[in-house]
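Residue numbers (this note's numbering), protein chains in the order written: chain U, 32 to 316; chain B, 2 to 430.
Pasting the structure below:
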């Protein structure tokens with residue numbers, strides 16, 4: 032109980048009452064008397080009260096809904112509590128193994144954000160294995176994309192901070208295997224300073240690490256519906272592990288279309304091809 | 002050769018490479034230079050000794066009136082290279098033509114067939130060649146031969162490729178004592194940059210490329226290049242970029258001289274200040290500054306754009322171009338999507354990984370493969386997409402590519418080399 036007491040005392044100013052917790056009414060509720068957990072409360076009541084306080088803290092850092100940016104994937108937007116990604120933070124995509132489609136979704140999200148912000152997409156690629164024709168296939172315009180090839184992890188971290196700190200950046204995308212809490216916090220502060228968005232692809236073991244991300248997704252590939260399906264469409268399950276203002280894991284299914292497949296023009300309305308650039312590309316193909 | 006050329010910049014800024022390949026020669030314009038070290042003989046001795054100290058040994062030096070004659074004397078009047086002795090030769094003014102006469106015809110820089118034909122005609126030395134009128138030689142070999150002879154004798158001008166363009170602004174400081182102190186070096190560079198700033202401002206120019214060179218005691222000189230997107234005279238900004246460069250530099254020895262040279266300039270962009278803030282202009286400036294910072298720390302070749310080449314071999318499709326390359330930018334790649342023959346992965350392994358694949362019989366299609374310690378069952382595949390290309394590069398590619406989906410929903414790009422039958426994993430979707 033001692034630790035709970037410390038936590039509540041530090042969050043006094045930010046505690047909000049039970050009931051409506053929407054962002055628009057926060058200012059009104061902030062004036063109302065806060066509800067603090069008492070020593071005699073049952074465990075579930077304590078947890079609920081603490082949860083509301085943490086929710087208030089996290090919501091306080093968000094931007095007005097008008098500043099939100101679509102993730103470029105309608106299904107992913109629908110999973111987020113405010114249906115938007117907000118500048119001034121980063122998003123993590125956890126992938127169990129390579130080739131699951133999570134990288135494609137994250138790249139698509141990064142490009143969509145860069146287009147919305149009218150800036151360049153910056154890809155940090157120390158191994159020089161990102162394949163530009165594959166990016167074109169995902170609908171990313173290469174002249175609006177800058178590739179950084181740092182020689183060491185130290186240089187890569189430095190470059191990420193510099194790019195996030197620059198408000199002219201459209202979006203940043205990087206694969207990061209190891210990320211300690213201090214570096215993650217630096218990324219967060221840099222993104223806040225520049226009001227930019229970073230998209231990081233992380234390996235699955237990172238699920239146990241403390242995250243500073245505004246949203247954290249887990250990708251689970253789904254096997255094909257039937258082996259006779261000849262289109263190159265892929266189904267992946269996206270689970271929102273963490274998002275500000277959201278406590279339960281929510282999941283949805285995303286269909287990654289094959290833009291070169293003529294069938295995708297018919298069945299692609301709920302998938303990646305819903306984005307204007309990719310849809311245009313598939314029509315040309 | 003570049004290191005030797007960089008070392009020689011302490012004697013003269015006019016340094017040229019040999020236009021013939023393979024190049025083993027540097028040409029230095031020594032007009033008004035040797036007298037600074039007493040005379041030409043002292044200069045040659047000094048230069049040989051300094052080259053030896055810097056690790057350039059052996060060297061052959063010839064001081065002559067023309068570049069072609071210098072090449073002839075260094076290549077045909079010295080001891081063979083296996084003697085490992087540095088040598089110097091000074092041709093007195095007015096004696097060059099006489100001395101050249103005794104050299105073999107190979108001392109005329111040009112085509113080998115010229116030399117062979119001269120020998121067939123009984124002309125074995127330059128003196129033999131000069132006995133006949135030049136017009137007769139030109140009728141046989143063309144105008145080039147006459148030009149070479151005239152250049153050799155100093156009757157025609159010879160144009161050589163410079164080691165680097167003459168710096169438009171160059172400042173250097175010789176230190177009283179060799180030092181490795183970062184503070185002292187920083188102080189001198191800051192002072193040089195402020196002098197540079199004043200001179201650039203007077204001319205209305207801004208620096209686009211800056212070369213900072215450290216001449217070290219008993220070691221080769223060390224240079225670093227700062228490249229900018231927009232011309233600038235801001236000494237503080239240049240100093241800040243130098244600080245980022247400095248983290249990557251390792252001085253080979255105590256510094257004796259520091260040089261700051263501007264090798265590329267452009268007119269300063271003057272703009273009328275506006276009453277209201279223009280976000281687009283400030284965003285563009287901020288973006289340019291970001292790229293300059295990234296290039297300063299990572300190296301400008303590591304801040305790049307991707308250019309798609311019309312090549313079928315997956316390894317050769319992409320060409321990386323530095324963002325600081327001022328050549329024409331490529332057009333949008335949305336249209337190039339249409340010419341891609343099939344799906345391409347977002348990640349292409351630098352080196353294809355050999356894998357074991359179980360194939361169906363008689364189709365030969367992949368059924369399962371072994372990768373990272375486990376068998377991966379293939380439930381769907383697309384292909385084969387045959388790629389056969391690259392015979393002109395000497396390594397003909399003949400591959401059947403498949404995009405495969407495993408039972409767990411992962412997509413890979415694998416291929417079979419049709420020469421060896423070996424399967425490889427090449428990309429990840």
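Just so you know, even glycine gets a beta-carbon here, dropped at the ideal spot from N, CA and C.
Apart from the five residues on each side of it in sequence, which residues of its chain come closer than 7 Å, Cβ to Cβ, to residue i?
| i | result |
| --- | --- |
| residue 269 (chain B) | 205, 206, 207, 232 and 234 |
| residue 155 (chain B) | 66 and 67 |
| residue 30 (chain B) | 13 and 15 |
| residue 388 (chain B) | 313, 314, 398, 400 and 402 |
| residue 324 (chain B) | 292, 304, 305 and 306 |
| residue 41 (chain U) | Its pLDDT being 34, under 50, residue 41 (chain U) is placed unreliably by the model, and nothing is read from it. |
| residue 9 (chain B) | 16, 27 and 29 |
| residue 131 (chain U) | 250, 252 and 267 |
| residue 164 (chain B) | 6, 16, 17 and 18 |
| residue 198 (chain B) | 234 and 236 |
Taking the Cβ atom as the reference point for each residue, do residue i and residue j lie within a distance shorter than 8 Å?
| i | j | result |
| --- | --- | --- |
| residue 171 (chain B) | residue 297 (chain B) | no |
| residue 454 (chain B) | residue 319 (chain B) | Beyond the ends of chain B as shown, which are 2 and 430, falls residue 454 (chain B); an answer cannot be given. |
| residue 90 (chain B) | residue 74 (chain B) | yes |
| residue 409 (chain B) | residue 234 (chain U) | no |
| residue 122 (chain U) | residue 244 (chain U) | yes |
| residue 149 (chain B) | residue 110 (chain B) | yes |
| residue 202 (chain U) | residue 161 (chain U) | no |
| residue 429 (chain B) | residue 129 (chain U) | yes |
| residue 225 (chain B) | residue 246 (chain B) | yes |
| residue 232 (chain U) | residue 124 (chain U) | yes |
| residue 242 (chain B) | residue 316 (chain B) | no |
| residue 162 (chain B) | residue 17 (chain B) | yes |
| residue 358 (chain B) | residue 414 (chain B) | no |
| residue 70 (chain B) | residue 92 (chain B) | yes |
| residue 229 (chain B) | residue 252 (chain B) | no |
| residue 384 (chain B) | residue 404 (chain B) | yes |
| residue 190 (chain U) | residue 167 (chain U) | no |
| residue 111 (chain U) | residue 271 (chain U) | yes |
Looking at the structure shown, is residue i part of a helix, part of a strand, or coil, going by DSSP?
| i | result |
| --- | --- |
| residue 288 (chain U) | coil |
| residue 2 (chain B) | coil |
| residue 135 (chain U) | helix |
| residue 80 (chain U) | helix |
| residue 169 (chain B) | coil |
| residue 73 (chain U) | coil |
| residue 120 (chain B) | helix |
| residue 467 (chain B) | Look at the range of chain B in this structure, 2 to 430, and you will see that residue 467 (chain B) is not part of it. |
| residue 212 (chain U) | helix |
| residue 162 (chain U) | coil |
| residue 12 (chain B) | coil |
| residue 204 (chain B) | helix |
| residue 205 (chain U) | strand |
| residue 301 (chain B) | helix |
| residue 323 (chain B) | strand |
| residue 421 (chain B) | coil |
| residue 106 (chain U) | helix |
| residue 78 (chain B) | coil |
| residue 7 (chain B) | helix |
| residue 387 (chain B) | strand |
For residue i, write down the residues that DSSP places opposite it in a beta bridge.
| i | result |
| --- | --- |
| residue 367 (chain B) | B:360 |
| residue 163 (chain B) | B:17 |
| residue 273 (chain U) | U:247 |
| residue 414 (chain B) | B:404 and B:428 |
| residue 55 (chain B) | Per DSSP, none; premise fails for residue 55 (chain B). |
| residue 229 (chain U) | U:121 and U:203 |
| residue 306 (chain B) | B:322 |
| residue 151 (chain U) | U:200 |
Got a sec? Which residues, its chain only, sit under 6 Å from residue i by beta carbon, not counting five neighbours each side?
| i | result |
| --- | --- |
| residue 391 (chain B) | 314, 397 and 398 |
| residue 119 (chain B) | 106 |
| residue 57 (chain B) | 5 |
| residue 265 (chain B) | 209 and 210 |
| residue 393 (chain B) | none |
| residue 248 (chain B) | none |
Going by beta carbon distance, what residues of the same chain come within less than 8 Å of residue i, once the five residues before and after it are set aside?
| i | result |
| --- | --- |
| residue 107 (chain U) | 136, 140, 248, 269, 283 and 285 |
| residue 133 (chain B) | 124 |
| residue 195 (chain B) | 236 |
| residue 43 (chain B) | 35 |
| residue 267 (chain B) | 206, 207, 209 and 232 |
(request) Note down, one range per segment and in chain order, each alpha helix (DSSP H) of at least 4 residues found wholly within the region 235-270 of chain B. (result) Qualifying alpha helix (DSSP H) stretches, in chain order: 236-247.
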